[in-house]
Structure formats: C-alpha cells, structure tokens
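Taking it in order: structure first as structure tokens, then the write-up.
Protein chains in written order, with my numbering: chain F, 1 to 180; chain V, 1 to 121; chain L, 1 to 755.
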C-alpha cells in the first residue's frame with residue numbers, strides 16, 4: 001500500500017557505507033540551480049522553501065533586489081541570485097522557487113530556478129574556491145566548492161553574498177517601527 | 001485540512017502499521033525509512049508531526065531529532081520517538097535532543113492515536 | 001481479516017529481505033577486522049524481524065529472535081569476541097529464523113525442538129551455558145519481557161484487533177449534557193515554562209485533550225505576557241486554569257497522562273472535589289464556572305488557591321467576590337472611574353485591531369469584484385464595519401495615549417545640568433505638556449529631545465556676558481512646546497540665542513567634503529547641513545553635544561518613527577527646531593494609489609485632494625520641471641514613476657491623476673499617479689526589520705490581497721525630487737528654492753553610489 005514512498009535502505013550496501021561517513025564534521029546543504037550552475041547553502045540557514053509569489057518592487061535598487069513579499073505578516077526582501085551573478089533579472093515562472101533564509105537577525109529570500117538536492121557534505125570534501133582574479137569573481141561569498149558525482153556545487157556564504165544590502169547605513173533602532 | 005504525520009522507521013511493517021492506524025484516524029501519513037530520508041522529505045514537505053524510531057541505519061532517530069531542532073523552522077515541530085518500556089535512559093536522551101514526547105512500545109492503536117492527538121491535534 | 005493478511009504479507013516480504021541482509025553480513029563476518037556497520041545491520045535485521053513478529057503473535061519466533069538478537073547486541077558492544085565458532089552459530093541461527101518464518105507464513109507449527117540446539121549454542125556465548133539446555137525454548141510471552149532492557153516483542157500487543165476497533169469506534173465524543181450529579185470537579189493549574197514550545201509541545205492540544213475528558217472551562221492567564229516589543233514568539237508566556245467537570249471514572253491518571261510529556265517542564269497543580277450535593281442544585285454549577293473564574297484571572301495568580309476557592313463557592317458568593325477583586329477589593333472605598341490595566345493587555349488589543357484592519361481590507365477587496373448594485377446591504381454593512389473598526393482603533397489608541405508631560409518633566413533637570421557645565425544661564429519654558437500621544441511615541445521622544453535641548457543650550461545660547469553685550473537678558477530662554485496639528489504631534493524647541501552661524505557651517509561642510517566648494521546654497525539649505533552625518537565632529541566636540549552623536553542621529557531616529565525634523569534660524573535672534581511625528585506607530589489611514597503595476601499607500605494626513613488637471617493647468621518650468629496651477633497656487637509636480645523608475649506608468653498628468661499632498665511644514669507637492677484605488681486603514685510594518693530604509697519610503701504594509709505595498713514618505717519624496725534623486729533623474733536642474741526648507745538628504749544620495 002503505502003510503502004512505495006520509502007525505500008528500505010538496509011538492503012543496500014552503499015547506504016551502509018555512507019552511514020560510516022555520516023560521522024564527523026559533516027553538514028547538510030540544500031542545493032539549487034540557477035541556469036546550468038548548481039549552488040549550495042547550509043541547511044541550518046534555510047527556514048523554508050516556497051514557490052514563487054509575485055513581489056512588490058522597491059525603487060532605485062540594483063536589479064538583484066527583486067522586491068519584497070509578505071511572509072505570514074512580516075515583510076522580507078527577495079534577492080535574485082541570477083541577477084546577483086550578473087545574469088540579468090530572472091524571468092520568473094510558477095516553477096521558480098524562493099529559498100527563505102535566516103541571515104543573522106534578518107530573514108530574506110533568494111530566488112532560484114529549482115531545488116536540486118540535499119547533500120551531506122563532509123568538511124574535508126569541500127575544496128577552497130580557486131584563486132581567481134578578484135576582478136572577475138567576487139570570491140568573498142564563496143565558501144567552497146564540492147563535487148557531487150559529476151556536478152560541481154558552489155557553496156555560498158549567504159551572509160556575505162548580500163552584505164552590501166543588509167548593512168544598514170542608517171543605524172536607527174529598528175524596534176520603533178515594528179508593530180507586529 | 002488533514003494533519004500530516006511522518007513516520008520514520010526502517011521497518012516497513014512498522015511504517016505500514018503506524019500509517020494504517022493514523023490514516024484510519026484521519027491523518028495524512030508520509031513515510032521515511034531513516035533519518036536521512038526524513039530530513040530530505042521535511043526540507044520540501046511541511047509535516048505537522050514526526051514519529052521516529054530510534055534504532056535506524058544511515059541516520060538514527062536521535063540524530064534526526066537533533067538535526068531537525070537545529071533548523072529554526074522546526075524548533076517547535078512536534079517529534080515523537082518510539083521507545084521501549086524500560087528504556088528510561090533513551091527517553092531522557094531523546095528529551096535532551098528535543099523530542100516532544102514518546103510512544104512506548106508495545107502500544108495499541110488507541111494509544112497511538114491519543115498520543116498523536118495530544119501533540120498535534 | 002484483509003488488513004491482517006496485508007500486514008502479514010508486508011512483514012514476510014520485509015523479513016525475507018532482512019534475512020538476506022543478515023546472511024550476507026554474517027558470511028562476511030570474520031575474526032579480526034570487524035565492520036561495525038555490518039554488525040549493526042545484522043542486529044537491526046534480527047531486531048526488526050522480532051519486532052514485527054510480536055505484532056502477529058508469533059511467539060516462538062519472537063522468543064528465538066530475542067536470543068539471536070541478544071548475542072548480536074553483545075557482538076555490537078564488543079562484549080562477545082568474533083570467532084569462527086560464533087559466526088557459524090550465528091549463521092545457523094539465521095537459518096533457524098528463516099525456518100520459523102516459513103512456518104509462520106504457512107501457518108504451521110514448527111516441529112518441537114527446532115530451536116533447542118541453536119538456543120543452547122547462542123547462550124553459551126553469553127556465559128550462560130550452564131543453564132539447562134532443555135529449558136523450554138519457547139517461554140510463555142508473559143515471562144519474555146519483564147527484565148529485558150531492549151525488548152520490542154509484542155510491540156503492538158493486540159494491535160490488529162484493536163486497529164479494527166479503532167476504525168469502527170472513533171474516539172469517544174466529549175461528555176456533554178450530563179447533569180453534574182455524581183461528577184467530579186477538577187481544578188488544574190497549568191503553568192508551563194517559557195521554553196515549552198521548543199520541545200514541540202503545544203498547550204492548545206493538551207487543553208483540547210482535557211476537554212475530551214469532560215466539560216472544561218479554560219481560563220488563560222496573561223499576566224506574564226511581555227510587551228509586544230519584547231515578545232518572542234517561540235517562548236510561552238501564558239498559563240491556564242482549567243475547571244473540569246468529569247465523570248468519576250476519569251481518574252487522576254487520565255489527567256496526568258495529558259501532561260505526560262511536559263511534567264518536567266511546567267508547574268501543574270491538580271485538585272479534585274466532588275460537589276456537595278446539598279448546596280449546589282443540579283445544572284447550576286456549570287454557569288458558575290463560566291462566569292466566576294474569568295474576572296479572577298487578572299488579579300489572582302493561578303498558583304494561589306483562589307481559582308479553586310471561587311469555583312467551590314456558592315454561585316452568588318463566587319460572583320460577588322470576583323467583582324470585588326476586579327474593582328480592587330471591597331475596602332477600596334467608593335468606586336473610582338479608573339482601573340489599572342496591564343499594558344501588555346492593551347498591546348494585545350492593539351495588535352488584534354491591527355489584524356482586524358487587515359482582515360477588513362481583505363473583505364473589502366473581495367467585495368470589489370461583486371457585480372455592482374446587487375449586494376447593497378453587504379456593502380453598507382462593510383461600510384459601517386469600516387467605520388466601527390476605525391472608531392475601535394481610535395478608542396484603543398486613546399487608551400495607550402499618554403501626555404508628553406512624562407517626557408517634558410525630565411527636561412528641567414537636564415537644563416540645569418547643561419547650564420552648570422556650560423556656565424550659561426538658562427530658563428526653560430514648556431507649553432502643551434498635556435498633549436497626548438501614543439506611548440510608543442512618548443518613549444521614543446526622550447532621546448531626540450534630550451539631544452535637541454543640549455544642542456540648543458550648547459550651540460544656540462550665548463554666555464551671559466555676550467548676551468548682555470547684544471542687549472539680551474543674561475538668561476537665555478529655551479522654549480519646549482507640543483501641540484496637535486493635522487493628525488500629528490508637533491514638538492518645537494526654540495531658543496533665543498545667536499542663531500546658526502551660516503558662514504561657519506558652510507565652510508565646515510565644505511571642509512568635510514559634504515558640500516562641493518562653490519555651491520550656492522540657500523540659507524535654509526545651509527541651516528539643514530547640521531543634520532548631515534559626519535557634520536558635528538572634531539572641533540565641534542564639546543562637553544555637551546559632541547559625544548559622538550550629532551543632529552544626524554536625531555534626524556535618523558525621528559525619521560525612523562515616520563517623523564520629520566527641520567530647523568529655522570534667524571541670525572542674532574535664535575533657532576527653532578520643529579519635529580513632527582505621527583500620533584501612533586501602529587496603524588494609519590491611508591490612500592492606496594497605483595503607479596504602473598505597483599501600489600503604494602499615501603498617509604491620509606498628507607493628502608489635500610486628488611484631481612485630474614486640464615492641459616491648461618500645466619506649465620513647464622526651467623528644465624522639465626512641471627508645475628501645476630491648483631487652487632490659485634503653483635505646485636511642483638513629481639512623477640512618482642520617474643522618481644521610482646516604475647515601467648508602464650502614465651506620464652501625462654492629464655491622463656492620470658495628481659494627488660496634492662502637503663508636508664508638515666505646509667509646503668505642497670503634486671504627485672502624478674495612475675489611479676487612486678481607495679482609502680483604507682493599514683497596519684504599519686517595518687521594512688527595516690529584514691531589509692533597510694529606503695528614500696521616500698516611510699514603512700510598508702500588507703494589502704487585502706496579501707501583497708506588500710510601500711507607505712510613502714511625502715517629505716522624503718520631495719527631497720528626492722529636489723535633489724534629482726531617482727532612477728531616471730537627469731540631475732542638473734536645481735528647482736527654485738522652495739519657500740520653506742526641509743532637511744537636506746544628500747547623505748543618502750552619496751551613500752547609494754557606494755553600495
């Protein structure tokens with residue numbers, strides 16, 4: 001009847017091996033695609049994954065600041081990862097996905113094409129980002145590279161990715177305007 | 001709307017029985033065979049309750065509980081663990097990991113349903 | 001029977017797989033390098049077979065699997081060394097298990113003695129070889145479990161029969177309609193720890209579980225609820241007192257069971273009493289429970305016996321006593337017309353009104369789609385609902401309103417201190433202390449006012465000798481006033497000092513790179529340079545004002561409250577700082593407008609009127625700057641879509657609409673928009689909580705359809721348009737200096753370029 005949704009992995013030798021690797025400094029990453037690229041963020045920073053809902057635009061900001069949406073009564077900004085990496089604004093469809101993340105005290109969403117995987121990645125398996133010309137790639141927000149089967153997954157440090165947008169130039173007390 | 005319960009157990013028989021009982025009581029049930037599968041499924045599906053066995057391959061029940069509790073969105077997700085009567089140490093270990101409560105084996109379906117109602121309505 | 005066979009089939013299929021796993025693992029098991037994953041997998045396989053077998057009552061199989069599993073557990077814990085003999089025995093055990101499973105599947109009995117030899121062999125590894133081998137290999141199930149630490153046999157007990165029962169019989173419905181005769185009244189005081197929610201426990205469900213036991217009256221205690229600002233949604237600040245009328249067969253254990261998982265995380269007091277039949281007539285007590293405990297809640301902490309006492313009292317007594325408690329006790333003398341109410345309760349009320357405003361907007365949104373003329377009563381009802389909501393909101397806000405005197409009264413002391421430090425003589429005059437404003441606004445006034453007054457004394461007022469020399473009284477005057485003006489509170493700090501030294505301010509601003517050398521600025525623009533970040537530093541640092549915070553911080557704080565600040569100065573005569581703030585920070589009346597596909601909210605207090613100009617009303621001025629004749633006055637037009645870079649919007653004001661807005665200082669502006677969608681109350685939501693402040697935007701809100709709309713900051717828009725801000729700004733064209741100045745906002749422009 002219902003057993004089709006789950007596999008019994010005890011019968012599989014490879015699962016047993018991965019159980020051994022599950023110890024130690026291993027962390028889970030949610031990976032997603034933007035175009036042909038695959039990126040990963042630490043699962044601990046991910047609050048939820050939701051389908052695309054139309055945003056309200058914000059004036060006079062770079063194109064990677066997509067706008068704001070209402071997340072159950074709080075207002076969060078949505079960043080377009082494709083635009084952030086210079087690919088221009090994403091042409092959204094119903095299939096696009098927003099990864100809602102907790103970055104410090106702030107909640108923000110990043111717009112990506114699709115969720116692709118959840119990977120358990122051992123610390124040792126993460127390779128440092130290549131020493132590229134800093135003029136070409138802003139390596140600040142890359143926390144490492146990981147090879148999953150034949151794919152390369154770029155692991156992102158989301159805190160740094162939008163550092164320019166969440167450092168509030170005006171250090172006003174936030175509490176004042178918060179009413180809910 | 002039906003509440004969605006995830007049963008995590010490496011024993012298919014156990015999963016079937018939990019599913020069957022809870023579906024009979026009006027719940028929607030999804031299944032996972034170990035902690036890893038549960039983590040993956042929960043990342044993309046909203047569930048209202050997790051019932052997990054402790055002794056499982058790949059990722060055991062306690063690890064599952066700890067990992068779930070580490071994710072902000074799941075800090076208040078009800079998680080029940082399956083435990084045996086005499087296993088007080090496991091019970092307290094589970095509580096420390098963040099389990100909401102426990103279902104003591106052996107249990108009958110009435111008990112299962114009443115415990116589930118107690119933690120997820 | 002169908003269900004049973006289905007489970008059995010699953011079980012046998014799964015067991016076959018598990019046996020194969022165990023066998024493969026056992027065949028690889030050899031002395032020396034032990035793969036613990038392999039051992040664990042074998043253990044789990046046997047363990048699962050045992051567990052499932054218990055559910056079907058395969059007792060001989062369970063008993064044998066238990067022996068097998070016990071040895072595997074020993075291997076797993078490295079208590080039993082892996083030897084060839086052990087592996088041989090385990091493989092044999094696996095075979096026996098397979099045979100037992102086959103018999104179970106065929107529903108036949110395994111021949112007596114099938115397991116004997118193997119059990120003996122297994123036990124030898126446990127150091128129990130001395131036990132007689134002819135001990136019954138199939139112990140009765142009852143003796144199987146008790147002293148066993150990890151026994152899952154019979155997990156489901158009579159599971160399958162009971163499953164059937166459970167499907168036929170849903171959980172019993174709550175006892176209702178029964179007379180309280182022979183019932184027991186339980187009083188349950190439930191005070192969870194704040195962290196309760198973090199274990200995934202949800203008190204609501206526990207209360208619901210109590211309701212299933214009988215007739216329950218639940219009183220929630222809010223006394224520990226913090227103010228909204230301090231509220232952490234993941235912490236629990238509530239406690240409950242439940243009065244439960246239950247049948248005698250509901251015993252203490254049933255109630256304890258409800259709190260099974262939280263017993264260590266909360267304070268629970270449970271007391272019971274049977275009603276004295278002589279005193280309480282049948283059917284009377286129920287109303288008592290409904291009325292009596294409610295007023296008790298605010299006054300009596302639930303841990304006191306008050307709840308129990310009032311519950312057990314005669315109906316009349318209970319009601320009287322609680323009335324007394326609510327009024328502050330019978331000894332309080334004549335009734336007063338005020339009551340003390342916990343602020344947290346009012347905050348909750350304010351919050352609920354906010355949610356109600358959103359819900360009402362949502363209903364209005366849906367009704368807009370109805371065919372016109374058909375639902376007149378509904379529309380009228382909605383109209384009065386809107387009216388009532390507005391009145392409710394105003395009433396609630398007025399409860400929270402406080403006179404500004406609580407802030408003003410702190411200022412004399414400050415003035416004395418400042419005078420002492422600077423050696424100046426200062427007289428403080430205050431007016432309008434009774435002006436009321438929301439308490440959140442009052443709280444946020446302290447810092448800016450403190451700073452403004454310090455600034456006035458330090459920089460504004462002259463020393464006594466200098467004042468005498470210019471013919472002023474030795475003592476300077478600082479006038480602090482408050483007043484309501486068009487739905488806002490306006491606070492002024494006026495001094496009769498020397499006024500702003502414009503030459504000095506300008507040269508300092510140029511020196512700091514805040515102003516380009518050679519720029520021509522109006523007097524007002526120069527005065528407002530003092531609000532720029534980085535202005536008040538270096539040699540401006542004095543004992544008083546220059547403590548690393550300047551007027552820029554004051555302005556930022558004020559604007560974060562939706563307020564504006566400006567300065568008006570006359571050399572030799574003094575300066576006047578004017579600050580205006582909304583009366584509340586929670587809800588505002590707004591006009592929803594659309595520009596392109598975006599919608600915005602304009603605070604109603606800023607709106608004069610909206611109109612569609614005729615081509616003859618419009619004029620071009622200098623470069624592209626449009627002005628419009630409205631009510632005999634020229635006003636500057638600001639195209640919102642140009643300022644914000646919004647595509648697909650109406651550019652021609654004669655085809656769109658012009659909303660005539662007025663800022664606090666009285667200057668007017670015509671905003672060109674596509675459409676005015678209607679008026680509604682909106683709940684102010686922070687944009688900065690998760691993002692940051694934006695020019696021309698005061699805050700955000702959520703409209704009826706769930707979408708976010710930005711609340712516009714009219715004065716900010718004017719600044720942006722004046723300084724050529726905005727995506728499409730062509731720069732250049734400095735418009736004619738307006739009659740009244742407002743703070744320059746160039747800092748933000750500068751910063752945006754570096755983002």
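Beta carbons: idealized from backbone N, C-alpha and C, even for Gly.
Scanning 425(L), 351(L), 97(L) and 387(L) for the CA closest to the CA of residue 458(L) turns up 425(L). Between the stretch 411 to 420 of chain L and the stretch 368 to 378 of chain L, the count of Cβ pairs shorter than 8 Å is below three; the stretches do not touch.
Distance from residue 10(V) to residue 34(V) at the Cβ level is roughly 6 Å; contact confirmed, criterion being Cβ atoms closer than 8 Å. Under the DSSP definition of a beta bridge, residue 380(L) lacks any partner. In chain L, no part has a C-beta under 8 Å from the C-beta of residue 34(V); the shortest such distance is about 10 Å. Around the Cβ of residue 92(V), a 10 Å sphere holds fewer than 16 other Cβ atoms; the residue is exposed. The beta-carbon separation of residue 358(L) and residue 708(L), rounded to 12 Å, does not stay under the 8 Å limit for a contact.
With the rule of 3 Cβ pairs closer than 8 Å, the stretch 67 to 87 of chain F counts as touching the stretch 95 to 115 of chain F. Straight-line measurement puts the Cα of residue 389(L) at about 10 Å from the Cα of residue 383(L). The bridge partners DSSP lists for residue 568(L) are 576(L). Of all residues in the stretch 394 to 422 of chain L, none has a C-beta nearer than 7 Å to a C-beta of chain V. The three-state secondary structure of residue 190(L), taken from DSSP, is strand. Within 10 angstroms of the beta-carbon of residue 482(L) lie 16 or more other beta-carbons, which makes it buried. Taking the Cα of residue 222(L) as reference, the smallest distance to any Cα among 583(L), 51(L) and 346(L) is reached at 346(L). Distance between residue 212(L) and residue 403(L), taken at the CA atoms: about 50 Å. Rounded to the nearest whole angstrom, the CA to CA distance from residue 57(V) to residue 61(L) is 24 Å.
Contact of residue 687(L) with chain F is assigned, a C-beta pair being separated by under 7 Å.
Residue pairing by DSSP puts residue 403(L) in a beta bridge opposite 436(L). The alpha-carbon separation between residue 20(L) and residue 79(L) amounts to approximately 25 Å. A check of alpha carbon separations from residue 32(V) across 46(V), 52(V), 26(V) and 103(V) identifies 52(V) as the nearest. According to the DSSP secondary-structure assignment, residue 582(L) is paired through a beta bridge with 488(L).
Distance from the Cα of residue 160(F) is smallest, within the candidate group 49(F), 74(F) and 103(F), for 103(F). Using a Cβ-Cβ cut-off of 8 Å, residue 38(L) is close to nothing in chain V; its nearest Cβ partner there is about 11 Å away.
Beta-bridge annotation (DSSP): residue 413(L) is not paired with any residue. Sorting 597(L), 636(L) and 629(L) by C-alpha distance to the C-alpha of residue 55(F) places 597(L) at the top. A Cβ-Cβ separation of about 6 Å places residue 551(L) in contact with residue 455(L) under the 8 Å criterion. For residue 66(F), the nearest beta carbon of chain L is not closer than 7 Å to its own beta carbon. Secondary structure within the stretch 23 to 89 of chain L: the alpha helix (DSSP H) runs of 4 or more consecutive residues, fully enclosed, are 36 to 56 and 59 to 76 (chain order). Interface criterion met: the Cβ of residue 106(F) is under 7 Å from a Cβ in chain L. In the DSSP assignment, residue 161(F) falls within the unbroken alpha helix (DSSP H) covering 158 to 161. In the DSSP assignment, residue 689(L) falls outside any beta strand (DSSP E) and carries neither an H nor an E. Linking residue 685(L) to residue 697(L) through their CA atoms gives a straight-line distance of about 12 Å. Interface flag for residue 11(V) against chain L is set, since a Cβ pair is found closer than 7 Å. Within chain V, the residues whose beta carbon sits less than 9 Å from that of residue 47(F) are 71, 72 and 73, listed in sequence order. In this structure the stretch 432 to 452 of chain L touches the stretch 571 to 585 of chain L; the number of beta carbon pairs closer than 8 Å is three or more.
One finds 118 in chain V with Cβ atoms closer than 7 Å to the Cβ of residue 206(L), taken in chain order.
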